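**Student:**
Number of protein chains: 2
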Amino acid sequence: MDLFVSKYINKIDKKGRVSLPSSFRNVLPRANRNEIILYKSIKTPSIEGCGVGRLKEIAKRINNLDFFSEDYDDFSTSIFSEIVTTNVDKEGRFLIPEELKLYAGIKTEAAFFGQGHFFQMWEPKQGLKNTEDSRRRLLKEKKSLRMMLTQQK
Amino acid sequence: MDLFVSKYINKIDKKGRVSLPSSFRNVLPRANRNEIILYKSIKTPSIEGCGVGRLKEIAKRINNLDFFSEDYDDFSTSIFSEIVTTNVDKEGRFLIPEELKLYAGIKTEAAFFGQGHFFQMWEPKQGLKNTEDSRRRLLKEKKSLRMMLTQQK
DNA sequence: TGGGAATATATGGGCGTCAATGGGTATATG
DNA sequence: CATATACCCATTGACGCCCATATATTCCCA
Chain L
1173 MDLFVSKYIN KIDKKGRVSL PSSFRNVLPR ANRNEIILYK SIKTPSIEGC GVGRLKEIAK
1233 RINNLDFFSE DYDDFSTSIF SEIVTTNVDK EGRFLIPEEL KLYAGIKTEA AFFGQGHFFQ
1293 MWEPKQGLKN TEDSRRRLLK EKKSLRMMLT QQK
Chain U
1173 MDLFVSKYIN KIDKKGRVSL PSSFRNVLPR ANRNEIILYK SIKTPSIEGC GVGRLKEIAK
1233 RINNLDFFSE DYDDFSTSIF SEIVTTNVDK EGRFLIPEEL KLYAGIKTEA AFFGQGHFFQ
1293 MWEPKQGLKN TEDSRRRLLK EKKSLRMMLT QQK
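Residue numbers (the numbering used here), protein chains in the order written: chain L, 1173 to 1325; chain U, 1173 to 1325.
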């Protein structure tokens, strides 16, 4: 499986380390399995993460913008300076930068939610509430959910 | 990782030295890890920097402008004639030329902002404000920032 | 197929190494 | 000779690596 799926709740130890769920580690390419990138989610108080390969794609896209435009600077600043890279140790653990923990309200535990090509980290209670909320929103429009799930390519 | 990412705030000591963040040093090619180039940002009161290899890329960008336009001369002059090279010592520190420090209003601390293929140095408060402003501008067009981050290949 | 052994995962902690910072001294350069 | 800059050494705290354990999972063979 090369997608981030399912959810896990892991503890943060005294040193601030937290285990990246094993199934998530397996999504990372073998070459860069010891480094991930993290950044603040745009729409929610959560942290998003993924492998470094994705960052290189983003870099390519930004590089294609007009170098002398204001958009270039805005994207470059908002993305590259806000992204942090973190090393995953041999046991599969990593450190969440303090600023990101604050942003997500994470203290002693982190909830990991698979999102396909990336994953989210939430303060457990808020994260679970968010899943309920989004499920509820979807069910309000049952029709579109059914379409989404049954539609063939 | 071969890109300048994340942000750091480092102190400038009595002698005027400041540490280039370790992760930035690793972006520089092994061969020229003790030399970087610095120049005034065209659009903001900040200093931009990168490895010497990047010079060719800058030249290419400027060359893509219309040769007979006023912009061509302006960019060419403002950038190339203003570039200074600086040595990074064995501890990873370098000196910021006085003129550049004045231009950016940097005194006792410098904030480093990763920008992908180069980095920016700001007076910390101004730099943080600039990031906020950038993000605010982009969030007005939420769609585009989200696209940049999540779009697949 | 049942049960024990081997393996993997999440977690805890010791310790060496490295990054950021400070300062002394030699060397260069005008 | 005076000032600037590079090299050397030292300190502190953070982080990575190693080792250890408990629980969960998989494997394998009788």
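For glycine and all other residues, C-beta sits at the position ideal for the given N, C-alpha and C. If you're wondering where the values come from, they're calculated on a predicted model, not measured in any experiment.
Smallest Cα separation from aspartate 1305/L: which of Lys1186/L, Val1177/L, Arg1197/L, Thr1216/L?
**Tutor:** Along the first sequence, one-based indexing puts residue 1305/L at 133. Per the Cα distances, Thr1216/L.
**Student:** Verify the CB distance criterion: does leucine 1310/U have a CB-CB separation below 8 Å to chain L?
**Tutor:** Counting from one through the second sequence, the residue named residue 1310/U turns up at place 138. Closer than 8 Å: yes.
**Student:** Using a C-beta to C-beta distance shorter than 7 Å, which residues of chain L count as neighbours of methionine 1173/U?
**Tutor:** By 1-based counting over the second sequence, the position of residue 1173/U is 1. Neighbours of methionine 1173/U on chain L, chain order: Glu1207, Val1224, Thr1257.
**Student:** If you measure beta-carbon to beta-carbon, which residues of the segment 1238-1250 of chain L are closer than 9 Å to chain U?
**Tutor:** So the list reads Phe1239, Phe1240, Glu1242, Asp1243, Asp1245, Asp1246, Phe1247, Ser1248, Thr1249, Ser1250, given in the order they occur along the chain.
**Student:** Evaluate contact between the segment 1189-1204 of chain U and the segment 1283-1291 of chain U, counting only Cβ atoms and requiring at least three cross-stretch pairs below 8 Å.
**Tutor:** They touch, by the three-pair rule.
**Student:** Near proline 1201/U, which residues of its chain fall below 8 Å by C-beta distance, leaving aside the five closest residues on each side in sequence?
**Tutor:** Looking up residue 1201/U in the second sequence gives position 29. Contacts found: Gly1223, Gly1225.
**Student:** For alanine 1231/L, which residues in chain U fall below 8 Å Cβ to Cβ?
**Tutor:** Stepping through the first sequence from its first residue, residue 1231/L is reached at position 59. Leu1175, Gly1288, His1289, listed in chain order.
**Student:** Secondary structure at isoleucine 1255/U, three-state DSSP: helix, strand or coil?
**Tutor:** Indexing the second sequence from 1 puts residue 1255/U at position 83. Looking at isoleucine 1255/U - three-state DSSP - the assignment turns out to be coil, as it is neither helix nor strand.
**Student:** Please tell me whether methionine 1320/U has its Cβ less than 8 Å away from any Cβ of chain L.
**Tutor:** Locating residue 1320/U in the second sequence gives position 148, where the first residue counts as 1. Yes, because at least one Cβ of chain L sits closer than 8 Å to the Cβ of methionine 1320/U.
**Student:** In terms of alpha-carbon separation, which member of Lys1279/L, Met1320/L, Ile1181/L lies closest to lysine 1187/L?
**Tutor:** Along the first sequence, read from residue 1 onward, the residue named residue 1187/L stands at position 15. With distances taken between Cα atoms, lysine 1187/L lies closest to Lys1279/L.
**Student:** Name the chain L residues whose beta carbon is nearer than 8 Å to that of phenylalanine 1266/U?
**Tutor:** Position 94 of the second sequence holds residue 1266/U. Within 8 Å Cβ-Cβ: nothing; phenylalanine 1266/U doesn't reach chain L, min ~20 Å.
**Student:** In its own chain, which residues sit with a C-beta less than 6 Å from the C-beta of glycine 1286/U, not counting the 5 before and 5 after it?
**Tutor:** Residue 1286/U sits at position 114 when you count from the first residue of the second sequence. The answer, listed in chain order, is Phe1176, Val1177, Ser1178.
**Student:** Starting from arginine 1189/L, trace the beta strand (DSSP E) both ways and give me its first and last residue.
**Tutor:** The residue labelled residue 1189/L in the question sits at position 17 within the first sequence. Unbroken beta strand (DSSP E) run through arginine 1189/L: 1189-1191.
**Student:** Tell me which residue opens and which closes the beta strand (DSSP E) that lysine 1265/U is part of.
**Tutor:** On the second sequence, position 93 is the one that residue 1265/U refers to. Reading off the sequence, residue 1265/U comes out as arginine, not lysine. 1265-1267 is the extent of the beta strand (DSSP E) around arginine 1265/U.
**Student:** Taking C-beta pairs closer than 8 Å, name the residues in chain L that serine 1195/U reaches, listed in chain order.
**Tutor:** Position 23 of the second sequence, counted from the start, is the residue given in the question as residue 1195/U. Within chain L, the residues near serine 1195/U are Thr1257.
**Student:** Could you give the first and the last residue of the continuous alpha helix (DSSP H) run that contains glutamate 1304/U?
**Tutor:** Indexing the second sequence from 1 puts residue 1304/U at position 132. It spans 1296-1311 - the alpha helix (DSSP H) in which glutamate 1304/U sits, taken as one unbroken run.
**Student:** Under 8 Å Cβ to Cβ from isoleucine 1214/U, same chain only, skipping five residues before and after it: list those, please.
**Tutor:** Position 42 of the second sequence, counted from the first residue, corresponds to residue 1214/U. Cβ within range, chain order: Phe1247, Ser1250, Ile1251.
**Student:** Would alanine 1276/L be called buried (16 or more neighbouring beta carbons within 10 Å of its own) or exposed?
**Tutor:** What you label residue 1276/L is simply residue 104 of the first sequence in a count that begins at 1. Its Cβ being crowded by 16 or more others within 10 Å, alanine 1276/L is buried.
**Student:** Looking only at DSSP bridge pairs, what is isoleucine 1219/U linked to?
**Tutor:** One-based indexing of the second sequence puts residue 1219/U at position 47. Partner(s): Lys1212/U, Met1293/U.
**Student:** List, in order along the chain, the chain L residues whose C-beta lies closer than 7 Å to that of phenylalanine 1285/U?
**Tutor:** Sequence index remark: in the second sequence, residue 1285/U carries index 113 (1-based). Within 7 Å Cβ-Cβ: Thr1249, Ser1253.
**Student:** I'd like to know if leucine 1317/U contacts chain L, where contact means its C-beta is closer than 8 Å to some C-beta of that chain.
**Tutor:** Position 145 of the second sequence holds residue 1317/U. At least one chain L Cβ lies under 8 Å of leucine 1317/U.
**Student:** Candidates Thr1258/U, Glu1263/U, Lys1262/U: which alpha carbon is nearest proline 1269/U's?
**Tutor:** By one-based count along the second sequence, residue 1269/U stands at place 97. It is Thr1258/U.
**Student:** Taking Cβ positions only, does isoleucine 1219/L come closer than 8 Å to chain U?
**Tutor:** Within the first sequence, residue 1219/L is the residue found at index 47, counting from 1. With 8 Å as the cut-off, isoleucine 1219/L does not count as an interface residue toward chain U.
**Student:** Might you give, ordered along the chain, the residues of its own chain that have their beta carbon closer than 8 Å to the beta carbon of leucine 1227/U, omitting 5 neighbours on each side?
**Tutor:** Indexing the second sequence from 1 puts residue 1227/U at position 55. The residues are Ile1209, Ile1255.
**Student:** Who are the neighbours of leucine 1227/L on chain U, taking C-beta pairs under 8 Å?
**Tutor:** Translated into the one-based positions of the first sequence, residue 1227/L becomes position 55. Ordered by position in chain U, the residues that pass the 8 Å Cβ test against leucine 1227/L are Met1173, Leu1175, Val1177.
**Student:** Could you spell out where the beta strand (DSSP E) holding glycine 1286/L opens and where it closes?
**Tutor:** For the purposes of this step, residue 1286/L is taken as residue 114 along the first sequence, with counting starting at 1. First-last of the beta strand (DSSP E) with glycine 1286/L: 1281-1286.
**Student:** Under three-state DSSP, which class holds isoleucine 1278/U?
**Tutor:** Position 106 of the second sequence holds residue 1278/U. Residue state, collapsed to three classes: coil.
**Student:** In whole angstroms, what separates the C-alpha of isoleucine 1234/L from that of tyrosine 1244/L?
**Tutor:** To locate residue 1234/L, count along the first sequence from 1; it is residue 62. To locate residue 1244/L, count along the first sequence from 1; it is residue 72. Each residue's alpha carbon lies about 7 Å from the other.
**Student:** Taking 8 Å as the threshold (beta carbon to beta carbon), is serine 1191/U in contact with chain L?
**Tutor:** In the second sequence, residue 1191/U corresponds to position 19, counting from 1. No, serine 1191/U lies away from the interface with chain L (no Cβ there is under 8 Å from its Cβ).
**Student:** Give the range of the beta strand (DSSP E) segment to which isoleucine 1181/U is assigned.
**Tutor:** As a first step, residue 1181/U must be located in the second sequence, where it is residue number 9. 1179-1183 is the span of the beta strand (DSSP E), which, as asked, contains isoleucine 1181/U.
**Student:** Express the C-alpha separation of lysine 1232/L and leucine 1317/U in angstroms, rounding to a whole number.
**Tutor:** In the second sequence, the residue the question calls residue 1317/U occupies position 145. In the first sequence, the residue the question calls residue 1232/L occupies position 60. The straight-line gap from Cα to Cα measures roughly 15 Å.
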